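Remarks on the structure that follows.
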Amino acid sequence: MRVYQCHFCSAPVYPLHGIMFVRNDAKEFRFCRSKCHKSFKQRRNPRKLRWTKAFRKAAGKELVVDSTLTFAARRNVPVRYNRDLVATTLKAMSRIEEIRQKRERAFYKNRMRGNKDKDLAYDRKLIEQHPELLRMREVELRRKAERLAAKENAMEEEEEITSDDMMSEDEDMESESEAEQVKQKVLLKNKRKTRA
Amino acid sequence: MGRYSVKRYKTKRRTRDIDLIYDDLSSKESIVKLKNQPIDEDKTGLAQYYCIPCAKYFENQITLDKHTKAKKHKRRLKDLSVKPYTNLEAEAASGVNMNKFLQSVEQYKQLEQLKKENNNEFDQLINQKKDNLDAIITGVPSEEFQKQQEEQAHQKVIVQDSEMA
Chain B
232 MRVYQCHFCS APVYPLHGIM FVRNDAKEFR FCRSKCHKSF KQRRNPRKLR
282 WTKAFRKAAG KELVVDSTLT FAARRNVPVR YNRDLVATTL KAMSRIEEIR
332 QKRERAFYKN RMRGNKDKDL AYDRKLIEQH PELLRMREVE LRRKAERLAA
382 KENAMEEEEE ITSDDMMSED EDMESESEAE QVKQKVLLKN KRKTRA
Chain U
22 MGRYSVKRYK TKRRTRDIDL IYDDLSSKES IVKLKNQPID EDKTGLAQYY
72 CIPCAKYFEN QITLDKHTKA KKHKRRLKDL SVKPYTNLEA EAASGVNMNK
122 FLQSVEQYKQ LEQLKKENNN EFDQLINQKK DNLDAIITGV PSEEFQKQQE
172 EQAHQKVIVQ DSEMA
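Take a look at the structure:
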């Protein structure tokens, strides 16, 4: 049994999984799923798609040159079965994997190292350019108060209109500007009433 | 996506892959062979006007010249300007056959260096012009073609003179 690598995303392709394309020069292309196969048929470049391993390696997102990565290889030299050799190999495999994971972790940490400072610097710059962001709460409160005041005004106006209708029908004939003036007067009166 | 069409991507209509084209373009022998193919009645333009980067046959020299100025051809040249993606890279990305992949990268760099050094020769071979089909079949070069050749030779002389001076 051999576990192949997907030609497109480098994921392991186990037996009975995925699909294989054989080109007319007898080159094999194995794909882990239809997504990869379709992308291949569309002639996409795996190096330019962010979800492939090839992109991550080419763009420096992952560890590329490392001694732990050089062990897994097809050697094309037959080796006679040897129980001790198998035992040591298995032992070495787990140990190498351990080391690789550690290095991978260290690489990731190193890659992310400057990010906090960078983010902080970016935020500082943003606040410098938009100082009102710092007083956001004040602005919110002010806007809320304004909204409330506007609502109250509207309520009062409605009341006035109804009272106006009751008072006289002649006013309807008057021009809008005059009506507004009257409204303002009534408003003032109402306010005075409330104060008193 | 405007360019997407399922029919185009059927394996039946699969055209030559970019890594093979890269191989085609990386040795003088293969370029000469592809540019001077034997007359084939089944192919467009009797297989005489071939664009190697696009793996395409053309009717005559005029259409081939037009094609080399077009967007598709230029896009293809851009694709060919980087190392072609192969299965080796996919394997190396998951940590298998890493050394082999690194070797192939070295080879690629050497090849590119060689190409750069012999840039003029390669360009000449790739961009060589051909006579019309009548002339090719009869073996008698047409007058227009002779004129063009003479002009080109003349220009070359001028360029050489200017370089000398």
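Protein chains in written order, with my numbering: chain B, 232 to 427; chain U, 22 to 186. Ideal Cβ placement from N, Cα and C applies to all residues, glycine included. It should be emphasised that the depicted structure is a prediction, and the values quoted were computed from it without experimental measurement.
Neighbours of V117 (chain U) across chain B, judged by C-beta separation under 7 Å: Q236, A303 and A304. Listed in chain order, the non-local C-beta contacts of R97 (chain U) below 6 Å within the same chain comprise P74 and C75, local neighbours out to five positions each way being set aside. Against chain B, the CB of A76 (chain U) has no partner CB under 8 Å away; the residue lies outside that interface. Here V244 (chain B) is bridged, per DSSP, to B:Y235.
For E133 (chain U), no chain B residue has a C-beta closer than 7 Å to its own C-beta; the minimum C-beta separation is roughly 17 Å. Its chain contains V295 as the residues whose beta carbon lies nearer than 8 Å to that of K288 (chain B), once the 5 sequence neighbours on both sides are disregarded; these appear in chain order. For S265 (chain B), not one C-beta of chain U is nearer than 8 Å to its own C-beta. When Cβ pairs closer than 8 Å are counted between the two stretches, the stretch 107–123 of chain U is seen not to touch the stretch 139–149 of chain U, the count staying below three. Our two residues, S270 (chain B) and K99 (chain U), have alpha carbons roughly 20 Å apart in a direct line. Sixteen is the threshold: when 16 or more other Cβ atoms of the shown chains lie within 10 Å of the Cβ of S241 (chain B), as they do, the residue is buried. When secondary structure is reduced to three states using DSSP, K77 (chain U) falls in the strand class.
In the DSSP annotation of this structure, the continuous segment of the beta strand (DSSP E) that includes R261 (chain B) starts and ends at E259 to F262. In this chain, the beta strand (DSSP E) harbouring F252 (chain B) covers I250 to V253. T84 (chain U) sits away from D40 (chain U), with the two beta carbons spaced by 8 Å or more.
Only K272, Q273, N276, P277, R278, K284 and A285 from the stretch 267–286 of chain B bring a Cβ to less than 7 Å from some Cβ of chain U.
Residue state for Y71 (chain U) is assigned as strand, using DSSP reduced to three classes. Q236 (chain B) is not a Cβ neighbour of A68 (chain U), given a cutoff of 8 Å. Within the same chain, Cβ atoms closer than 6 Å to the Cβ of P162 (chain U) are found at D152 and A156, the five residues on either side in sequence being excluded. Going by DSSP, N313 (chain B) is part of no alpha helix (DSSP H) at all; its letter is neither H nor E.
Counting the other CB atoms within 10 Å of its CB gives D38 (chain U) a total of 16 or more, which places it among the buried residues.
For S241 (chain B), a Cβ of chain U is located within less than 8 Å of the residue's own Cβ. Between the beta-carbon of T283 (chain B) and that of F252 (chain B) there is about 17 Å, and that puts the pair past the 8 Å contact cut. Identification of chain B residues near E112 (chain U) by a Cβ-Cβ cut-off of 8 Å yields Q236 and S241, ordered along the chain.
By the rule that beta-carbons nearer than 8 Å mark a contact, Y30 (chain U) touches chain B. Here R311 (chain B) is exposed. Its C-beta has fewer than 16 other C-beta atoms within 10 Å.
Taking a C-beta distance under 8 Å as the contact criterion, Q149 (chain U) and K56 (chain U) qualify as a contact pair.
In the DSSP annotation of this structure, H361 (chain B) is not part of any alpha helix (DSSP H), being labelled neither H nor E. Under the three-state reduction of DSSP, F302 (chain B) is assigned to coil, being neither helix nor strand.
Distance from the CA atom of R368 (chain B) to the CA atom of A380 (chain B), rounded to whole angstroms, is 18 Å.
Ranked by Cα distance from I158 (chain U), the options U:Y78, U:Q58 and U:A113 are led by U:Q58. Here Y129 (chain U) really is in contact with K104 (chain U); their C-beta atoms are around 5 Å apart, less than 8 Å. Within the stretch 79–158 of chain U, the runs of alpha helix (DSSP H) that reach at least 4 residues and sit entirely inside it are, in chain order, 82–89, 92–101, 108–114, 119–138 and 140–147. In chain order, N118, K121, F122 and S125 place their CB closer than 7 Å to the CB of L109 (chain U), counting only its own chain and leaving out the 5 sequence neighbours on each side. Among the CB atoms of chain U, none fall inside 8 Å of the CB of F262 (chain B).
Under the Cβ distance rule, L300 (chain B) counts among the residues neighbouring chain U, one pair being separated by less than 8 Å. Along the stretch 331–356 of chain B, going in chain order, the ones with a CB nearer than 9 Å to a CB of chain U are R331.
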